[in-house]
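The structure under discussion appears below in the form of structure tokens.
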Amino acid sequence: MIALAVACALFSLGLYAVLSRRDIIGVLVGVEIMLGAGSVLLASLGAASGASSGSVQAIGVMVLLLAAAEAAVGLSLLLSLYRTSGRSRVDELSEVSG
Amino acid sequence: MTAQSAGLALAIALMLAGAIGAVLLKEVMRVMIALGAFLFGVAAMYAYLGYSFLAIAQVFVYVGGVLVLMVFAVMTARRADGERPAIVSRHDVGSAAVAAGVGAMLFLSLRTAFGDTSVPVSRSASDLASELLGPRLVAFEAAGVFLLAALVAVAVILKGGEER
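Residue numbers (our numbering), protein chains in the order written: chain A, 8 to 105; chain B, 298 to 461.
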């Protein structure tokens, strides 16, 4: 039950970062915290319910891969955006062009 | 206090302190250090629960990979600025209320799924190998293709930015 409370608190903190940060890097950090909270919740639930350890670890590895890919794409977007427009604040980005 | 409960307390303290620092601090490098503490805390939690392979992968992939990537991206993107890079925030009651509400909702909806505190046991990496190369082989291969697609996407995004 402690793990659940901690995971929910971490998810709330990550969501608060996504909502309140105005910089893309801050939003990315918030998403990483939310993904970490989800992984902790998954592992704790797996341990508490006696699920197969292979399944829990396999899904944990998948979440890890997803988070790494998300960070790589998000940071490349940040770099590309900063090079082309010199901006990195989410509230300054109101247009989408192809 | 036994060694196990001390380990759990350390992992929780690292995670919470790191996450609070990453959310509230302004200077980018301090935010990265706080995020690193959070990620180490998650690895410690995995180790406490007995998932040793996940703990090692967490340190290698996140702390050694993603965090360093973030630091490089911040340094590359903002090297032209004369001042120390800071993250702009707008802390308001609405965002805090939404975040707290979602957290409370998650807690209330999932609390029946948790029983008593689990006892940590040893969970070896061979379980993971037999799972990934057995019933989850398709998902494992799909994850590899997904990572390749992410790499190609990164190359395309950065090349598009250079041409513009």
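Each residue gets a CB set at the ideal place from its N, CA and C atoms; glycine is no exception. The structure displayed is predicted, hence computed values, not measured ones.
Can you find a CB in chain B that lies within less than 8 Å of the CB of glutamate 99 of chain A?
As a position in the first sequence, residue 99 of chain A is number 92, starting the count at 1. For glutamate 99 of chain A, the answer is no, since every Cβ of chain B falls outside 8 Å of its Cβ.
Residue closest to glycine 398 of chain B, alpha-carbon to alpha-carbon, out of A:Ala10, A:Met8, A:Ala16, A:Ile9
Residue mapping note: residue 398 of chain B aligns to position 101 of the second sequence, counting from 1. Considering only alpha carbons, the answer is A:Ala16.
CB contact flag (valine 320 of chain B, leucine 20 of chain A, <8 Å):
As a working mapping, residue 320 of chain B is identified with position 23 in the second sequence. As a working mapping, residue 20 of chain A is identified with position 13 in the first sequence. Taking 8 Å as the cut-off, the Cβ atoms of valine 320 of chain B and leucine 20 of chain A count as close.
Where the alpha helix (DSSP H) containing alanine 352 of chain B begins and where it ends
On the second sequence, residue 352 of chain B is found 55 positions in, with the first residue counted as 1. Where alanine 352 of chain B is concerned, the enclosing alpha helix (DSSP H) stretches over 349–354.
Just to make sure I have the definition right: I need the residues of chain B whose C-beta is within less than 7 Å of the C-beta of leucine 49 of chain A. Which are they?
As a first step, residue 49 of chain A is located in the first sequence; it is residue number 42 there, counting from the start. Chain-order list of chain B residues neighbouring leucine 49 of chain A: empty, with the shortest C-beta distance near 10 Å, by a criterion of under 7 Å.
Alpha-carbon to alpha-carbon, glycine 61 of chain A and serine 427 of chain B:
Counted from its first residue, the second sequence places residue 427 of chain B at position 130. Counted from its first residue, the first sequence places residue 61 of chain A at position 54. Taking the straight line joining both Cα atoms gives about 7 Å.
Does the CB of glutamine 301 of chain B have a neighbour CB from chain A at under 8 Å?
Here residue 301 of chain B is taken as the residue at index 4 of the second sequence, counted from 1. Chain A, which has no Cβ nearer than 8 Å to the Cβ of glutamine 301 of chain B, makes this no.
Name, going along the chain, the residues of the stretch 79–94 of chain A whose beta-carbon falls closer than 8 Å to a beta-carbon of chain B.
If the cut-off is 8 Å between Cβ atoms, the stretch 79–94 of chain A has Ala79, Val80, Leu82, Ser83, Leu84, Leu85, Leu86, Ser87, Leu88, Tyr89, Arg90, Thr91 near chain B.
Among A:Ala75, A:Ala44, A:Gly57, which has the Cα closest to the Cα of phenylalanine 404 of chain B?
Along the second sequence, one-based indexing puts residue 404 of chain B at 107. It is A:Ala44.
Proximal chain B residues relative to valine 36 of chain A, where beta-carbon distance stays under 7 Å:
Taking the first residue of the first sequence as position 1, residue 36 of chain A is located at position 29. Ordered by position in chain B, the residues that pass the 7 Å Cβ test against valine 36 of chain A are Ala319, Val328, Leu332.
Can you determine whether any heavy atom of the ligand COA sits closer than 7 Å to the C-beta of alanine 447 of chain B, and answer yes or no?
The ligand content of the structure shown is nil, which means the ligand COA is not present either.
Just to make sure I have the definition right: I need the residues of chain A whose C-beta is within less than 9 Å of the C-beta of threonine 409 of chain B. Which are they?
Here the question's residue 409 of chain B lines up with position 112 in the second sequence. In chain A, no part has a C-beta under 9 Å from the C-beta of threonine 409 of chain B; the shortest such distance is about 10 Å.
Compute the beta-carbon to beta-carbon distance between glycine 338 of chain B and alanine 308 of chain B, rounded to the nearest angstrom, for a pair I have assumed lies under 8 Å.
Within the second sequence, numbered from 1, the residue matching residue 338 of chain B stands at position 41. Within the second sequence, numbered from 1, the residue matching residue 308 of chain B stands at position 11. Correct: roughly 5 Å between the Cβ atoms.
Strictly under 8 Å for the Cβ-Cβ distance: is alanine 58 of chain A near chain B by that measure?
As a position in the first sequence, residue 58 of chain A is number 51, starting the count at 1. No - not a single Cβ of chain B is within 8 Å of the one on alanine 58 of chain A.
Taking the alpha carbon of leucine 11 of chain A as the reference point, which residue from B:Met329, B:Pro432, B:Ala300, B:Ala410 has its own alpha carbon closest?
Reading the first sequence from its first residue, position 4 is the one you call residue 11 of chain A. When only C-alpha atoms are compared, the closest one is B:Ala410.
Would you kindly report the start and end of the unbroken alpha helix (DSSP H) that includes alanine 401 of chain B?
The residue you call residue 401 of chain B lines up with position 104 of the second sequence. First-last of the alpha helix (DSSP H) with alanine 401 of chain B: 390–407.
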